[in-house]
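Residue numbers (our numbering), protein chains in the order written: chain A, 11 to 205; chain B, 401 to 595. Every residue, glycine too, gets a C-beta built ideally from N, C-alpha and C. Shown next, in structure tokens, is the structure this report addresses.
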Amino acid sequence: MRAVVVVAHPDPSSFTHAIASTATAALERSGHHVIVLDLYAEEFRAAMSRAERVAYHGTRPLLDPMAERHADIVKRADAFVFVYPTWWSTMPAILKGWLDRVMVPGVGFVFDDDQHVRRGLKKVHRIVGISTYGSRRLYVKAIHDNGRRMLMRSLRMNTAVLTRRTWLALYEMDTSTAEQRAAFLQRVDRKMRSL
Amino acid sequence: MKVYVVYCHPDPESFTSAVFQRTLTTLTACGHDVRTSDLYADEFEPTLSLQEWLDHRAPISPPADIASYCANLTWCEALVFVYPTWWSGQPAMLNGWLDRVLVRGVAWDVTERATRVTGRLTNVRRIVAITTHGSSKVLNTVQGESGKRVIARAVRVLCYQFARSTWLAMYNMDRSTVEQRTAFLDRVERRIRRL
């Protein structure tokens, strides 16, 4: 399986990066082909430009070489693994911008003749999201887990019909102990090995 | 009333821009004291930097490029967002504005070992989001209206505890007629008059 691991955290020594490394190693040990897109390391531009917005509904919506390269990787992927910290109930802007600028018409979805959105990622049959939260689980549920919804519902609607979803969450991150974080990494490792 | 309007769209010729203009003329005609931010015109940088991440729990004075946004946030009684909905949420530009401008000491505070923040924007008694969706209301409901919940829940908990939030959305934008768009602009005007 070709898996794309998309990581969004400004600090290379963050726990989010530790999760991404654990997930990548576990997937590779299971014989999967893994491509890591570390959005901060690549200095991915978050905001869609005016030129990109104008070109969005045209025949060639990808104007930026980096977005085009990412789109090529996305088109060949069988599985997505998103790793990010949840801020203000949603994903960091750099990851939202990745959805905005890479998942354009012809990549993430297609418009039919009637301008209805149709699936564009039919090859993808697995979506995994791994996120950390400062808040408790109940509080996250009350506020709504909007980053999770975007990936597990909005993006999911554009992948293969039988796409399976996995969500791994570490709540109360800021007050967690080293043991809890180590246990979470083990959980990530187990899940990714059996993907 | 003191109203702060945050506008986000890359294209000055867009329908969202027309919505923003109608919102402004209506607010001014009603005698409100209005301040605005046009994030694309400001060339706002939506990606939270490593340094900002490392400092985010320290009650520091906000970086120079976000100080004016912070001042507007603590000044206003009503907070209005005008933006297009992309991938069920705010464009990365606005998403990143929330990531970077909602800083400790301005928008929130947290006590040692707490798992949730305390809102400081108690001056904000009214929140309005005005947006457009390419797809239908049914589809957006199934997908969970992530963007709506970011504003009406995650941002609102930082404001006055009984702050009211209003959602003004035009669905089916990609298949809309001129009449429907005109009707939406009129609806925005009517609603803003009753603010």
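Using a Cβ-Cβ distance under 8 angstroms, would residue i count as near chain B?
{"i": "ALA65 (chain A)", "result": "no"}
{"i": "LEU178 (chain A)", "result": "no"}
{"i": "PRO102 (chain A)", "result": "yes"}
{"i": "PRO41 (chain A)", "result": "One detail in the question is off: residue 41 (chain A) reads as Gly in this sequence, not Pro. Output row for GLY41 (chain A): interface = no."}
{"i": "ASP21 (chain A)", "result": "yes"}
{"i": "ILE83 (chain A)", "result": "no"}
{"i": "ALA215 (chain A)", "result": "An answer regarding residue 215 (chain A) cannot be provided, because it is not within the stretch 11 to 205 covered by chain A."}
{"i": "GLU182 (chain A)", "result": "yes"}
{"i": "HIS154 (chain A)", "result": "yes"}
{"i": "MET76 (chain A)", "result": "no"}
{"i": "ARG159 (chain A)", "result": "yes"}
Determine whether the Cβ of residue i lies closer than 8 angstroms to any Cβ atom of chain A.
{"i": "ASN495 (chain B)", "result": "yes"}
{"i": "GLN580 (chain B)", "result": "no"}
{"i": "THR447 (chain B)", "result": "yes"}
{"i": "TRP508 (chain B)", "result": "no"}
{"i": "SER565 (chain B)", "result": "no"}
{"i": "ARG549 (chain B)", "result": "yes"}
{"i": "SER535 (chain B)", "result": "yes"}
{"i": "PRO462 (chain B)", "result": "no"}
{"i": "LEU521 (chain B)", "result": "no"}
{"i": "VAL480 (chain B)", "result": "no"}
{"i": "LEU450 (chain B)", "result": "yes"}
{"i": "ARG575 (chain B)", "result": "yes"}
{"i": "GLN543 (chain B)", "result": "yes"}
{"i": "ARG513 (chain B)", "result": "yes"}
{"i": "VAL524 (chain B)", "result": "no"}
{"i": "SER546 (chain B)", "result": "yes"}
{"i": "LEU502 (chain B)", "result": "yes"}
{"i": "LEU498 (chain B)", "result": "yes"}
Could you compute how far the alpha carbon of residue i sits from the alpha carbon of residue j?
{"i": "GLU589 (chain B)", "j": "ALA552 (chain B)", "result": "21 angstroms"}
{"i": "ARG525 (chain B)", "j": "VAL555 (chain B)", "result": "12 angstroms"}
{"i": "LEU450 (chain B)", "j": "PRO462 (chain B)", "result": "15 angstroms"}
{"i": "HIS42 (chain A)", "j": "TYR94 (chain A)", "result": "21 angstroms"}
{"i": "SER141 (chain A)", "j": "LEU49 (chain A)", "result": "15 angstroms"}
{"i": "GLY496 (chain B)", "j": "CYS408 (chain B)", "result": "11 angstroms"}
{"i": "HIS67 (chain A)", "j": "PHE121 (chain A)", "result": "9 angstroms"}
{"i": "ARG422 (chain B)", "j": "SER565 (chain B)", "result": "19 angstroms"}
{"i": "THR16 (chain A)", "j": "ARG174 (chain A)", "result": "Strictly speaking, residue 16 (chain A) in this sequence is Val, with Thr absent from that position. One C-alpha to the other measures close to 18 angstroms."}
{"i": "ALA33 (chain A)", "j": "LEU205 (chain A)", "result": "10 angstroms"}
{"i": "HIS154 (chain A)", "j": "ALA563 (chain B)", "result": "18 angstroms"}
{"i": "ILE486 (chain B)", "j": "ALA458 (chain B)", "result": "In the sequence as displayed, the identity of residue 486 (chain B) is Trp instead of Ile. About 32 angstroms."}
{"i": "PRO446 (chain B)", "j": "LEU109 (chain A)", "result": "14 angstroms"}
{"i": "VAL64 (chain A)", "j": "PRO412 (chain B)", "result": "11 angstroms"}
{"i": "ASP442 (chain B)", "j": "ASN472 (chain B)", "result": "15 angstroms"}
{"i": "ARG158 (chain A)", "j": "PHE119 (chain A)", "result": "19 angstroms"}
{"i": "THR425 (chain B)", "j": "ASP21 (chain A)", "result": "43 angstroms"}
Over the uninterrupted alpha helix (DSSP H) stretch that includes residue i, give me the two end residues.
{"i": "SER468 (chain B)", "result": "464 to 475"}
{"i": "LEU539 (chain B)", "result": "537 to 543"}
{"i": "PRO75 (chain A)", "result": "75 to 85"}
{"i": "ARG175 (chain A)", "result": "Per DSSP, ARG175 (chain A) belongs to no alpha helix (DSSP H); it is in the beta strand (DSSP E), 174 to 180."}
{"i": "TRP497 (chain B)", "result": "492 to 501"}
{"i": "ALA573 (chain B)", "result": "Here residue 573 (chain B) is Met; the residue named in the question, Ala, does not match the sequence. Note, MET573 (chain B): premise wrong, no alpha helix (DSSP H); not H, not E."}
{"i": "ALA429 (chain B)", "result": "415 to 429"}
{"i": "ALA28 (chain A)", "result": "25 to 39"}
{"i": "PHE194 (chain A)", "result": "188 to 203"}
If you follow the beta strand (DSSP E) that residue i is in, where does it begin and where does it stop?
{"i": "ILE140 (chain A)", "result": "136 to 142"}
{"i": "TYR149 (chain A)", "result": "Run containing TYR149 (chain A): none in the beta strand (DSSP E); it sits in the alpha helix (DSSP H), 147 to 153."}
{"i": "ASP433 (chain B)", "result": "433 to 438"}
{"i": "ILE45 (chain A)", "result": "43 to 48"}
{"i": "ARG12 (chain A)", "result": "12 to 17"}
{"i": "VAL555 (chain B)", "result": "No beta strand (DSSP E) holds VAL555 (chain B); DSSP gives it neither H nor E."}
{"i": "THR532 (chain B)", "result": "526 to 532"}
{"i": "LYS402 (chain B)", "result": "402 to 407"}
{"i": "LEU479 (chain B)", "result": "478 to 484"}
{"i": "VAL114 (chain A)", "result": "No beta strand (DSSP E) contains VAL114 (chain A), which DSSP labels as neither H nor E."}
If we call anything under 8 angstroms between Cβ atoms a contact, is residue i one with residue j?
{"i": "THR532 (chain B)", "j": "MET573 (chain B)", "result": "yes"}
{"i": "GLY130 (chain A)", "j": "GLY107 (chain A)", "result": "no"}
{"i": "ARG166 (chain A)", "j": "ALA36 (chain A)", "result": "no"}
{"i": "VAL482 (chain B)", "j": "VAL405 (chain B)", "result": "yes"}
{"i": "ARG136 (chain A)", "j": "MET58 (chain A)", "result": "no"}
{"i": "VAL192 (chain A)", "j": "ILE104 (chain A)", "result": "The residue asked about is misnamed: residue 192 (chain A) is Ala in this sequence, not Val. No, the pair does not count as a contact, with Cβ atoms beyond the cut-off."}
{"i": "GLU38 (chain A)", "j": "MET76 (chain A)", "result": "no"}
{"i": "LEU47 (chain A)", "j": "VAL91 (chain A)", "result": "no"}
{"i": "ARG593 (chain B)", "j": "CYS430 (chain B)", "result": "yes"}
{"i": "SER23 (chain A)", "j": "SER488 (chain B)", "result": "no"}
{"i": "VAL419 (chain B)", "j": "LEU427 (chain B)", "result": "no"}
{"i": "LEU521 (chain B)", "j": "LEU558 (chain B)", "result": "yes"}
{"i": "LYS201 (chain A)", "j": "THR176 (chain A)", "result": "yes"}
{"i": "ALA89 (chain A)", "j": "LEU73 (chain A)", "result": "no"}
{"i": "ASP184 (chain A)", "j": "GLY144 (chain A)", "result": "yes"}
{"i": "TYR571 (chain B)", "j": "LYS537 (chain B)", "result": "yes"}
Applying a beta-carbon distance threshold of less than 9 angstroms, which residues of chain C neighbour residue i?
{"i": "ASP465 (chain B)", "result": "The question asks about chain C, but that chain is absent: this structure's protein chains are A and B."}
Report task. Would you list, in chain order, the members of the stretch 107 to 133 of chain A that have their beta-carbon closer than 9 angstroms to a beta-carbon of chain B? Result -> GLY107, TRP108, LEU109, ASP110, ARG111, MET113, GLY118, PHE121, ASP124, GLN125, HIS126 and VAL127
Query - Positions along the stretch 136 to 150 of chain A whose CB lies within less than 8 angstroms of some CB in chain B - result: GLY144, SER145, ARG146 and TYR149
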